[in-house]
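These protein sequence lines are chains L and B, in that order.
Reminder that position 240 of the first sequence reads as 240 in our numbering, one-by-one numbering, no gaps.
Reminder that position 109 of the second sequence reads as 1109 in our numbering, one-by-one numbering, no gaps.
Quick notes on the structure that follows.
Protein chains: 2
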Amino acid sequence: MEIVGRSITRVDAVAKVKGTAKYVDDHFVPGMLHAKAFRSTIANGWVKSIDVSKAKALPGVVAVITYEDVPAHTFPTAGHPYSKDPSHQDVADRNLLTRRVRYVGDEIAAVIAVDELTAEKARQLIDVEYEEYAPVLTAEAALQPGIPEIHGGTGNVLGRGGYEVGNMAEAVAESDHTFADEFSTQVVAHCAMENYSAYAYMEENGRIVVVSSTQIPHICRRIVGQALGIPWGRVRVIKPYIGGGFGGKQDTVVEPLVAFLTTKVHGRPVKMELSREETFISSRVRHPFQFRIETGVKNDGTLSFRNLEAISLNGGYASHGQSIANNCGTKFRQQYRQKAIKYSCKTLYTNMPAAGAMRGYGVPQAMFVMESHLDDIARALDLDPVEIRLKNIPETGHKDPLNGIVALSNGLKECLVKGKELIRWDEKKSNRANQAGTKRRGLGVACFNYASGTHPVGLEVAGARIVMNEDGSVQLQVGATEIGQGSDTVFSQMVAETIGIPLSMVHILSEQDTDISPVDLGSYASRQTYITGMAVRKAAEEIKAKVLDYAWGMTDIPAQVMDIVDGWIVYKHNGEKITPLSEIALDAHTDVVHAKPFTADVTNNARVNALAFGCTFVEVEVDIPTGKVEILEIYNIHDSGTIVNPTLAEGQVHGGVSMGLGYALYEQMLFDPKTGKPLIHNLLDYKLMTALDTPEIGAHFVNTFEPTGPYGAKALGEPPAITPAPAIRNAILDATGVKFNDLPMTPQRLIAKFQAEGLI
Amino acid sequence: MEIVGRSITRVDAVAKVKGTAKYVDDHFVPGMLHAKAFRSTIANGWVKSIDVSKAKALPGVVAVITYEDVPAHTFPTAGHPYSKDPSHQDVADRNLLTRRVRYVGDEIAAVIAVDELTAEKARQLIDVEYEEYAPVLTAEAALQPGIPEIHGGTGNVLGRGGYEVGNMAEAVAESDHTFADEFSTQVVAHCAMENYSAYAYMEENGRIVVVSSTQIPHICRRIVGQALGIPWGRVRVIKPYIGGGFGGKQDTVVEPLVAFLTTKVHGRPVKMELSREETFISSRVRHPFQFRIETGVKNDGTLSFRNLEAISLNGGYASHGQSIANNCGTKFRQQYRQKAIKYSCKTLYTNMPAAGAMRGYGVPQAMFVMESHLDDIARALDLDPVEIRLKNIPETGHKDPLNGIVALSNGLKECLVKGKELIRWDEKKSNRANQAGTKRRGLGVACFNYASGTHPVGLEVAGARIVMNEDGSVQLQVGATEIGQGSDTVFSQMVAETIGIPLSMVHILSEQDTDISPVDLGSYASRQTYITGMAVRKAAEEIKAKVLDYAWGMTDIPAQVMDIVDGWIVYKHNGEKITPLSEIALDAHTDVVHAKPFTADVTNNARVNALAFGCTFVEVEVDIPTGKVEILEIYNIHDSGTIVNPTLAEGQVHGGVSMGLGYALYEQMLFDPKTGKPLIHNLLDYKLMTALDTPEIGAHFVNTFEPTGPYGAKALGEPPAITPAPAIRNAILDATGVKFNDLPMTPQRLIAKFQAEGLI
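Rendered as structure tokens:
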């Protein structure tokens, strides 16, 4: 392969560096109105009365819309493909504006004004009287009988799930040891550089156009249609460049409301941009989980059974809800062999911001509990943490008993071997017995598995359209969205490789427009390279076949003996040049009889999936008196099949590991237990790692080939964020002998536990 | 048919009336630079020296570019499809800027500044010294030996053409009478509401984007590529709404230069908008012609031979050049039967603005001479003007001996019969013998034929793409351009009719973008409804077939027995509803196994043509002392096959006839014979008819069906403008007995001739 596998500079690099790439906020629309939401200041209750008269009277205010003005029906917001099967549909529990407030930040009303400042001022002029209930912030509180339900009729249970595979009784009986423990993870925020921003206007034919920083334009169109109760084709969604999403924009946070607001001002453009504070308190967060795990194991470290109970806390609205807990359970199952495995989970409503999709989609939580627990078992049995993992990894070709996914490629063992070498595991382990002193070093490892897309749970439709110009260059349109991950570059490489043209001859349209972009479900589930890549490759193959067939007609040389290499039609057997591709393309545009410019408009419904694997190896130095953990070395080693663009892949790993480090050590949204008010809602208080805090991150890949993936590729987007936390937790354990079962592992927590265990 | 044939309100009506439709000038681009051309003030000569130092020194000026800075190679500008056959290519005689100036207004340099006013000021600071030659404004002057050639090596002859069919010697011998005469037509301007306007910028990958008020985005892309000497795929052309073109924008007037200028300022956006004065003097005009015609006829009025010699004056650059004279000759041939026919023409360079395409493309000139001359013959033989025409019209099914076009439908006779009735021809004729007095009334008629597109001369590729949404509504993309003629509405009707959905479920993308719009050659040659319509219908048929096939799979009812009516799948035999289309469309988006949204991306290479016919009937009252001609009644009767939208068709006729009236009576660009300077270059001096000057225009259609056209339709765009001039000329002759062989027939000319012939 000439172009796939090469570290091409990303196609949007210059535009992004120079600032010419246009984001939502770079769009200038004359006469744009600005909207601000009036948000609940209480976590739980309802609005007894609202007075918007002062707001309406403020000069520059165009309209004030309240919960009284919105449709009565509810709609879902999660960025999932639609299903006609009601049992497969997302929970529709949200109104455009609400009288029943469910978290601090819930949207009660919206002010539309001629500028943002006026909208902000008017928002502050709205008076409201609440009836307040005690905030529900924990599982215990949510399940307390007799309290007002957050959503009537639910008992505050959004969903339940689980499975049991294998003969559990036998497996329990065969176990030499049984281990049980409890873990918990925290609420974190995505912190994409670009906050949520969208504007909407109406075309003169009454259709609504929404321009949004979204990962999911086609799904967004459907949800806006549902929210407003209009046919989905009456909505058009346009996605310009986007400053990150991380799953937060696999949801419809502002689009339904701006779409509704424009209908209230005769179709004038209405924009709503959330501030950083609003993004923290009123968009989406990562689900906090509480876990109880139990594992049966033989003396040699072979797993006999595993049992996980999970409670996921979801906030005030469903969003992705129970899907996260389900995914947590699937990845818990797929990683190791055992005789029997059981998972049970429930997702509860609370009075916190809605938890939605976030990089890893429940799996960072799953891997934190299972990989931490596995180290505790290894330690108890005096087994090497790497050895116990190697012992339990299923062979390549293993078929999951429930979803039927076959791991046609599985490089997890190679990842572990590679990571051991990189960090000099054995050498350091043997030198570290019985450390004393205040600074102690330790090694940790954690493994993960992840899927490439959502099959068979979700639909995996992707589309690609290619048109070839007279000079042989092509335009590529996809419905999948570039959200910073580099998918536009990867798709361009695939097209150049497949057709046989230089990368400079591939022009990708980075903007998605649901009116014209091929239908694709969007960017999530680490599906772009694998799922959309299949459609892209299919379209490129169709173009190549058309070119060679046309060339056959022109040259009388059979298509089968020709190839396209670097923009030339050549003999396949010896590479001898026959004619420039541009001659063929020009003829296909201009021949009086045969003219028919080459196009391909392809949909691919992928009903396969591929497991990506990998692990984190880390060496830490723990300063016992201060509780500070320094990362000395960290390596993420990935089996993502063929790496289409090594530099971009490294970038994904660097970003993901950085996110994982924050998850392990620093990041957490806290809420006042009495009022439910968020205590942290800005980037000063929220301890996001900066470049200065971030250690050098080693990104490595093992060489596998996924037969179902385009050019052998499989998922890479989310995996890097998954295992830093358990690896660091295990390294701290290795250094200090102290187990930390709750994230994040902040200095405060470390000191408290070191004191409790007598280290200080 | 439910929707085709109905007077649907045009799809862009509300947007245009409310001002929300976005034209080039409505696009706001931050940091836009403005360019003004420095134009020659002499008609013929060259620049001995140029001094741009003062212009460069003016604050706000970013760059001054002169003929020294542009590529040496020349390029063509005409909006014709490209041909690899050099003999079929347009004449490439233009540089981006020129030292050798060829008319007053020729572009010598360009100033780029931060705003338009500064650019205008700086343009006035450029000093230039010319060497001046005598201006060449007539055929005689152009062919004078020894003068400096306008383009070296041409002898000022841009092209020659002609044909001879049949046995001329025999035909001459068989004639009872031979008539000969001379005619001439003037220079007129298009006067589209929107002047020429375009801006260009560079994408970060170096591609050039041109946003232009153009009729021909795909051809414009190619010409910009040629002009700059870069691969055509490195250019992207976007066409927003456009305020009229009439053929003037079937040319590249400003696009190559703005595309070049942006490359000189590091890709910053550069805009060039011609003022009305610049549009008059330096865009395109209609070719003036000089004719000599000779006709042999038998005693009963049967034509035996016809012979036409034409000289077309083309201005300083080729533009569409000789093609116009060729088209003039083709339509001269196709209208009547005769034993032999001959045509010879040449097109000469002069020092006037380049003549290009304009509504009718040489045919208003052809019909003025032949239809005027025919009336003179009828008068000489004492035959009724309608009768002599009816006698010589070929039967339906007549095949043109040269281009092979078969007139599968020909309603010209029906048009004549209908026109006679409308104007009460026989009744008025019989009452009008021997008028005296100063006010005299007369009746006139003139016929025309016109083609639907350019086959077999030009390539006729058109494309359409349709995608269906979940609710069964569709988006339609075409590469053909809505330029006010209503094509977007007509295409939408075709799609609604073909698929079987309400018009409100068809969303047409009015903007063309060469990166994504299906390849189409653009709007010209009255080709949209006929040529692009074929592609649109084909795409819609493909969608319908896919829907019914999918419905077969869902319902188990064979596709062949189902139909789609008003958004429902129904039984074909009795119309009974089976399921809403939306159910099928939604399933095709969401079914886990079969999901594949319905799309069609179709190219049609039309190798057919269809002749449209029609005539003008007019009654005038001539005020002999003042030379004023009043139009009492005027009717245009058209055979354009099926009329897809009667109201829009009427609008076409009203606009075209109005243009024809101005051509007949008022409009003319005049040039100072000594200096070549245009004497008329604004809408005050140029006598464009206003609403107050325009009589009530009767638009009528006869009922024919063109088998090759979509739904039986054929050309209508240009035809209405063709025959008002000869019909009025013939009516004046009828009223006064005086022949006017030169256009326009202004009061000054009428008075002069009435004086010469003793009427006053």
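Cβ atoms here follow ideal geometry from the backbone N, Cα and C, with glycine treated the same way.
Cβ of residue i within 7 Å of any chain B Cβ
i	result
E706 (chain L)	no
H183 (chain L)	According to the sequence as given, residue 183 (chain L) is Phe; it is not His. Taking Cβ atoms only, chain B never reaches closer than 7 Å to F183 (chain L), which makes this a no.
G301 (chain L)	no
T118 (chain L)	no
S510 (chain L)	no
K596 (chain L)	yes
T330 (chain L)	no
E204 (chain L)	yes
F28 (chain L)	yes
A15 (chain L)	yes
L211 (chain L)	It should be pointed out that residue 211 (chain L) corresponds to Val in this sequence rather than to Leu. Not one chain B Cβ lies under 7 Å of V211 (chain L).
Q124 (chain L)	no
L521 (chain L)	no
Residues bridged to residue i [DSSP beta-bridge criterion]
i	result
E1630 (chain B)	B:E1621
T1185 (chain B)	DSSP lists no partner for T1185 (chain B).
A1310 (chain B)	B:F1291, B:C1345
R236 (chain L)	L:V209
Where residue i falls: helix, strand or coil (DSSP)
i	result
G1225 (chain B)	helix
V519 (chain L)	coil
H1589 (chain B)	helix
S83 (chain L)	coil
F1260 (chain B)	helix
K1305 (chain B)	Residue 1305 (chain B) is actually Phe in this sequence, not Lys. In this structure, F1305 (chain B) counts as strand in the three-state DSSP scheme.
A433 (chain L)	coil
G1662 (chain B)	helix
Residue i at chain L interface by Cβ criterion, 7 Å
i	result
Q1226 (chain B)	no
Y1082 (chain B)	yes
G1233 (chain B)	yes
K1420 (chain B)	no
T1009 (chain B)	no
Counted within 10 angstroms of its Cβ, other Cβ atoms place residue i as buried (16 or more) or exposed
i	result
H1594 (chain B)	exposed
A1480 (chain B)	buried
D1818 (chain B)	Outside the displayed span of chain B (1001 to 1760) sits residue 1818 (chain B), for which this structure offers no information.
E1371 (chain B)	buried
A551 (chain L)	buried
M1193 (chain B)	exposed
R1607 (chain B)	exposed
Q1335 (chain B)	buried
L762 (chain L)	Because chain L in this structure spans residues 1 to 760, residue 762 (chain L) falls outside the shown range and cannot be described.
T514 (chain L)	buried
M1534 (chain B)	buried
Next on the checklist: Closer than 8 Å is the cut-off here; do at least three beta carbon pairs connect the region 528-544 of chain L with the region 698-716 of chain L?
Outcome noted: Short answer: they touch.
Next on the checklist: Assess contact between the region 673-689 of chain L and the region 103-111 of chain L, defined as three or more Cβ pairs (one per stretch) separated by less than 8 Å. Is contact present?
Outcome noted: The region 673-689 of chain L, when compared against the region 103-111 of chain L, does touch it at the 8 Å Cβ threshold.
Item to check | the region 7-16 of chain L / the region 226-240 of chain L touching (three or more Cβ pairs under 8 Å) | outcome: With a cut-off of 8 Å on Cβ pairs, the region 7-16 of chain L is not in contact with the region 226-240 of chain L, counting fewer than three such pairs.
Item to check | Stretch-stretch touch, CB-based, cutoff 8 Å, three pairs: the region 1241-1257 of chain B with the region 1347-1360 of chain B | outcome: Judged by Cβ distances under 8 Å, the region 1241-1257 of chain B makes contact with the region 1347-1360 of chain B, as three or more pairs qualify.
Checklist entry - Can at least three beta-carbon pairs, one atom from the region 1134-1144 of chain B and one from the region 1324-1335 of chain B, be found at a separation below 8 Å? => result In short, these stretches do not touch, since the Cβ pair count stays below three.
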